[in-house]
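Below: the structure, in structure tokens.
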Amino acid sequence: MVKIGNIELPDFPLLLAPMEDVSDPPFRALCKEQGADVVYTEFISSEGLIRDAAKSVMKLDIYEKERPVGIQIFGANLESMLQTIDIVERSNPDIIDINFGCPVKKVVSKGAGAGILKDVCLMEQLTAEMVKRTNIPITVKTRLGWDHDSIRIVEVAERLQDVGCAAIAIHGRTRAQMYKGEADWKPIADVKNNPRMHIPVFGNGDVDTPEKAMLMRDVYGLDGCMIGRATIGNPWFFKQVKHFFNTGEHLGPVTLEERVEAARRHLQMAIDWKGETLGVFETRRHYTNYFKNIPNFKEYRMKMVTSDQSKDVFEAFDEVLDVFSDYQFT
1 MVKIGNIELP
11 DFPLLLAPME
21 DVSDPPFRAL
31 CKEQGADVVY
41 TEFISSEGLI
51 RDAAKSVMKL
61 DIYEKERPVG
71 IQIFGANLES
81 MLQTIDIVER
91 SNPDIIDINF
101 GCPVKKVVSK
111 GAGAGILKDV
121 CLMEQLTAEM
131 VKRTNIPITV
141 KTRLGWDHDS
151 IRIVEVAERL
161 QDVGCAAIAI
171 HGRTRAQMYK
181 GEADWKPIAD
191 VKNNPRMHIP
201 VFGNGDVDTP
211 EKAMLMRDVY
221 GLDGCMIGRA
231 TIGNPWFFKQ
241 VKHFFNTGEH
251 LGPVTLEERV
261 EAARRHLQMA
271 IDWKGETLGV
281 FETRRHYTNY
291 FKNIPNFKEY
301 RMKMVTSDQS
311 KDVFEAFDEV
321 LDVFSDYQFT
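Position 64 of the sequence shown, counting from 1, maps to 64 under full-length UniProt numbering, and the rest follow consecutively.
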């Protein structure tokens, strides 16, 4: 068993990574149904929350069927982050996660996300004060370091644990790498193997097959796996990994009917939550993966990703079922 605070999870839990414009309530619901043990919201700006920015506030929406669910926040100003804790508590999440890993320029330039990797003392101070502010478990998601020459993740993880961090998820790249090259899981294993570490250590980065998840578990010895990009348009990934763990065999391919049904439900849930315009627009990024590898699919994909009316997208789903009924996924 793995525990985050008092939250009990199965051995080697699978966590849905927080992803901007991806891990919203509709997508989290689909991933939960397919075996995700913990799901996280999109990351939320502390400055946006305290200014009551509509987009930031909307990201606080969580639902009972998602639990355990974590709300992830980012920022570099202590007072703003503490005010954010007070706001986030009203949504009653199971976990509050601090983003110390986002590499994008607009976040880093403000000293937040991976930008804070240049100031480990500030990382430690923010974590310590946020732990004091709430009884909800505080966790951290971060990267190996700012660049190859400043990797101190074993020390950083130990310091965060010592001020009350309840779990840490580590992406196996530096900020300088962004998402290029291969993730290096060895430094994450070094954190786990530090005899002073007693909180869960989760690995993140490049887990896109059940075999890689098993490698992270059995070879690198980590406590769990946080999965991001491999789940986009593929919420079945969690189920596939667990089936592989249990049987040593790959689960059969997801059928066209299952893919269409998931895409249909995803769109409808998005409309119910965000309204017609945003629901249609923000679900588009998933369709390429839902229907990946189908030959001669461009016409239908273009209709899905350019139509502004949901009725047109639902019609495209029906057409796909009819036209590609004989296609077999492998």
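Virtual Cβ for every residue (Gly too), placed ideally from N, Cα, C.
| request: Please find out if some non-hydrogen atom of the ligand MG comes closer than 7 Å to the beta-carbon of GLU8. | output: Only the bare structure without any ligand can be found here, which leaves the ligand MG out of the picture.
| Residue from PHE297, GLU299, GLY279 with nearest C-alpha to GLU22 | Note that residue 22 corresponds to Val in the displayed sequence, not to Glu. Nearest option by C-alpha distance: GLY279.
| Three CB pairs or more closer than 8 Å across the segment 151-166 and the segment 208-218 | Result no; under three Cβ-Cβ pairs closer than 8 Å.
| said: Using only CA atoms, which one of GLN34, MET304, ILE7 lies nearest to VAL254? | reply: Residue GLN34 holds the alpha-carbon nearest to the alpha-carbon of VAL254 among GLN34, MET304, ILE7.
| query | Among GLY181, PHE329, GLU261, which has the Cα closest to the Cα of GLU315? | reply | Answer by Cα proximity: GLU261.
| task | Given a cut-off of 8 Å, decide if CYS225 and PHE202 are closer than it, judged by their beta-carbon atoms. | result | In this structure, CYS225 lies closer than 8 Å to PHE202 by Cβ.
| request: Could you name the residues that DSSP lists as bridge partners for CYS225? | output: Looking at the DSSP assignment, CYS225 forms a beta bridge with LEU14, GLY203.
| When the Cα atoms are used, what is the spatial distance from ASP147 to VAL120? | Whole-angstrom Cα-Cα distance: 14 Å.
| Which of helix, strand or coil DSSP assigns to LYS292 | In the three-state reduction of the DSSP assignment, LYS292 falls in the coil class, being assigned neither a helical nor a strand state.
| So the beta strand (DSSP E) ILE73 belongs to, where does it begin and stop? | Its beta strand (DSSP E) spans residues 69-74.
| field | Completely contained beta strand (DSSP E) runs for the segment 208-278, where each covers 3 or more residues | value | As summarised for the segment 208-278, the continuous beta strand (DSSP E) elements at least 3 residues long and confined to that stretch are 224-227, given in chain order.
| Contact the segment 174-188 vs the segment 137-145: 3+ CB pairs below 8 Å | Put simply, the segment 174-188 touches the segment 137-145. At least three CB pairs are less than 8 Å apart.
| message | Using the three-state DSSP reduction, which class does LEU9 fall into: helix, strand or coil? | response | When DSSP states are grouped into helix, strand and coil, LEU9 belongs to the strand group.
| query | ARG217 and PHE27 look like a contact to me (Cβ under 8 Å); what is the Cβ gap, rounded to whole Å? | reply | The Cβ separation is near 25 Å, so there is no contact.
| field | THR139 - partner residues in DSSP beta bridges | value | ASP97, per the DSSP bridge assignment.
| said: Counting beta carbon pairs with one atom in the segment 281-291 and one in the segment 34-50, are three or more of them shorter than 8 Å? | reply: No, they do not touch.
| field | Identified DSSP bridge partners for SER45 | value | For SER45, which the question treats as bridged, DSSP gives the partners PHE74.
| message | Are the CB atoms of VAL191 and ALA167 within a distance shorter than 8 Å? | response | Judged by beta-carbon spacing, VAL191 lies beyond the 8 Å limit of ALA167, meaning their Cβ atoms are not closer than that value.
| field | Rounded separation between ASP318 and GLU299 - CA only | value | Taking the straight line from one Cα to the other gives about 14 Å.
| task | For PHE237, collect the residues of the same chain with a Cβ closer than 7 Å to its Cβ; drop the 5 residues on either side in sequence, then sort them by chain order. | result | By the criterion of a C-beta distance shorter than 7 Å, PHE237 is surrounded in its chain by ILE227, ALA230, THR231, once the five residues flanking it on both sides are discounted.
| request: Could you tell me which residues DSSP pairs with ILE62 in its beta bridges? | output: Residue pairing by DSSP leaves ILE62 without any beta bridge partner.
| field | Every unbroken beta strand (DSSP E) inside the segment 132-182 [3 residues or more] | value | Runs found: 138-143, 168-171.
| By Cβ distance below 7 Å, which residues in the same chain neighbour LYS239 in space, the five residues on each side in sequence not counted? | The beta carbon of LYS239 lies closer than 7 Å to those of GLN34, GLY35, LEU251 in the same chain, with the five residues before and after it left out.
| said: Using 8 Å as the threshold, is the C-beta distance between GLY111 and ALA54 below it? | reply: At the C-beta level, GLY111 and ALA54 stay beyond 8 Å of one another.
| Inter-stretch contact (C-beta, 8 Å, three-pair minimum) for the segment 132-140 and the segment 83-101 | Contact holds: three or more Cβ-Cβ distances are below 8 Å.
| In whole angstroms, what is the alpha-carbon distance linking LEU14 and LEU267? | Rounded to whole angstroms, LEU14 to LEU267 spans 24 Å at the Cα level.
| task | Measure the alpha-carbon distance for residue 332 versus LYS118 and round it to whole angstroms. | result | With the chain represented from 1 up to 330, any question about residue 332 goes unanswered, as that position is not in the structure.
| Cα-Cα separation, ALA17 to VAL39 | Taking the CA atoms as reference points, ALA17 sits about 7 Å from VAL39.
| query | Does DSSP put VAL108 in a helix, a strand or coil? | reply | Assigned with DSSP and collapsed to three states, VAL108 falls in helix.
| Backbone CA spacing between GLU276 and GLN72 [nearest angstrom] | Taking the straight line from one Cα to the other gives about 26 Å.
| query | Is it buried or exposed for PRO103, if we count other Cβ within 10 angstroms and need 16 for buried? | reply | Classified as buried, PRO103 has 16 or more neighbouring CB atoms from the shown chains inside 10 Å of its CB.
| Cut-off 7 Å between Cβ atoms - residues of its own chain near GLY101, not counting five sequence neighbours on either side | In its chain, beyond the 5 residues on either side, GLY113, ALA114, LYS141, THR142, ARG143, HIS171 have a beta carbon closer than 7 Å to the beta carbon of GLY101.
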